[in-house]
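Protein sequence lines, in the order shown, are assigned to chains A and B. Mind the numbering: the first sequence is residues 795 to 896 in our numbering, read in order. Mind the numbering: the second sequence is residues 54 to 217 in our numbering, read in order. We put the CB at the ideal spot given by N, CA and C, even for glycine. Worksheet for the structure shown next.
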Amino acid sequence: METVTPQHFLVLSFLLFAVGFLGVVIRRNLLLVLMSLELMLNGVNVALVSFSRTSLNLDGSLFVFFIMTVAATEVAVGLALLVALYKKRQSVFSEDISLLKN
Amino acid sequence: MIMSRHPVPAALFMIISLVSVAALFVLLEAFFLAILQVLVYAGAVMVLFLFIIMLLDVGPDGGKVSRIKVISGLAGCLSFGILVVLLLQFSGIGSAESGSWQEIQTTEQVNGDSLLFSTSLKNFGYGLFTKYMLPIQVAGFLLLAAMVGVIVLSKKSLTSGGTE
């Protein structure tokens, strides 16, 4: 019977981070890019909690708490910026937001 | 999630993955963080996302295939493949010595300098208000600054939209 080891959690956190990174790279909708950033932060959170549990040290979990705080503020500010940008340029696609090109 | 072009299905898939991460936190016996994950992420953040999606009425990613998109997609797939190969090569998953879980002690909160992992909320609060006193103040100030910033941003865009 195979049990779940810490390495499985690390592999999963790596996969979450990789999927989020891929989303940041290939998506052009800035909303989806922000969501993929959230996914990357979640991958890091899984790794931190897994390390915290294996070494029986609470510091990792506390850091996850702070990362969640920062992620929530980042989403709020990012979405406000996005709405302001949409009102100015009528688009949320990253290729339309080039001030220097045209 | 990243494969769907429409923002709304992507957001719903995102909620599923966030709740699954909360379930993983339960498996890791970090119950408080699981609750926090569901409340903050699946509750507040994703509701904000869905609200903005509905507000802006965003359609799917258009059919215009730009050269940059093709190149970045290829680069993303390539780097992802390289990372997966390196991971499988060096991790040694499934070997017998790949780690095990230790029992959680419940009797004391600190062991020397380090805070002990625990399922109880008491240790969490103890750690937050002793060792991480300054970071929690900074986090509170960050929340305040973000709130003021968001209000200023939306107010400014509102007035400029009104004058135009």
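At a cut-off of 7 angstroms between beta-carbon atoms, Q142 of chain B makes no contact with chain A. Under a criterion of Cβ atoms nearer than 8 angstroms, the residues of chain B adjacent to R847 of chain A are, in order, L81, E82, A83, W154, F170.
Contact check between the region 849 to 866 of chain A and the region 127 to 137 of chain B: fewer than three CB pairs, one atom from each, fall below 8 angstroms, which does not count as touching. With respect to A97 of chain B, A870 of chain A sits apart: the two C-beta atoms are not nearer than 7 angstroms.
The secondary-structure analysis by DSSP pairs N823 of chain A across a beta bridge with A:F887. What L136 of chain B touches in chain A, judged by beta-carbon distance under 7 angstroms, is A812, going in chain order.
Residues of chain A whose Cβ lies closer than 8 angstroms to the Cβ of L181 of chain B are, in chain order, L856, F859. Residues of chain A whose Cβ lies closer than 8 angstroms to the Cβ of V98 of chain B are, in chain order, E832, A865, A866, V869. Distance from the Cα of S888 of chain A is smallest, within the candidate group A:R822, A:N836, A:T797, A:F815, for A:R822.
Comparing alpha-carbon positions, the option among A:L831, A:L842, A:I861 lying closest to Q801 of chain A turns out to be A:L842. No Cβ-Cβ contact shorter than 7 angstroms links L804 of chain A with L833 of chain A.
Between M829 of chain A and the set A:G814, A:S807, A:F808, A:T797, the nearest pair of CA atoms involves A:G814. Here A87 of chain B is buried. Its C-beta has 16 or more other C-beta atoms within 10 Å. Listed along chain B are L81, each with a C-beta nearer than 7 angstroms to that of S844 of chain A. Listed along chain B is no residue with a C-beta nearer than 7 angstroms to that of V838 of chain A; the closest approach is about 11 angstroms.
Scanning chain A for C-beta atoms nearer than 8 angstroms to the C-beta of S125 of chain B yields V819, I820, reported in chain order.
Per DSSP, the continuous alpha helix (DSSP H) segment holding T183 of chain B begins and ends at 174 to 183. Distance from S171 of chain B to I189 of chain B at the Cβ level is roughly 18 angstroms; contact not present, criterion being Cβ atoms closer than 8 angstroms. Each of B:I106, B:V72, B:V79 was checked against the Cα of V827 of chain A, and the nearest Cα belongs to B:I106. Among the bridge pairs identified by DSSP, N851 of chain A is matched with B:L169.
Taking C-beta atoms as the reference points, T863 of chain A and A192 of chain B count as a pair closer than 7 angstroms.
For E868 of chain A, the three-state secondary structure derived from DSSP is helix. By the Cβ neighbour-count rule, G180 of chain B is buried, with 16 or more other Cβ atoms within 10 Å of its own.
Across the region 63 to 75 of chain B, CB contacts with chain A closer than 8 angstroms involve A63, A64, M67, S70, L71, V74, in sequence order along the chain.
Apart from the 5 residues on each side of it in sequence, V840 of chain A sits with its Cβ closer than 7 angstroms to the Cβ of F803, L806, S807, L810 in its chain, given in chain order.
The three-state secondary structure of R120 of chain B, taken from DSSP, is helix.
A direct Cα-Cα distance of roughly 46 angstroms separates Q142 of chain B from L108 of chain B.
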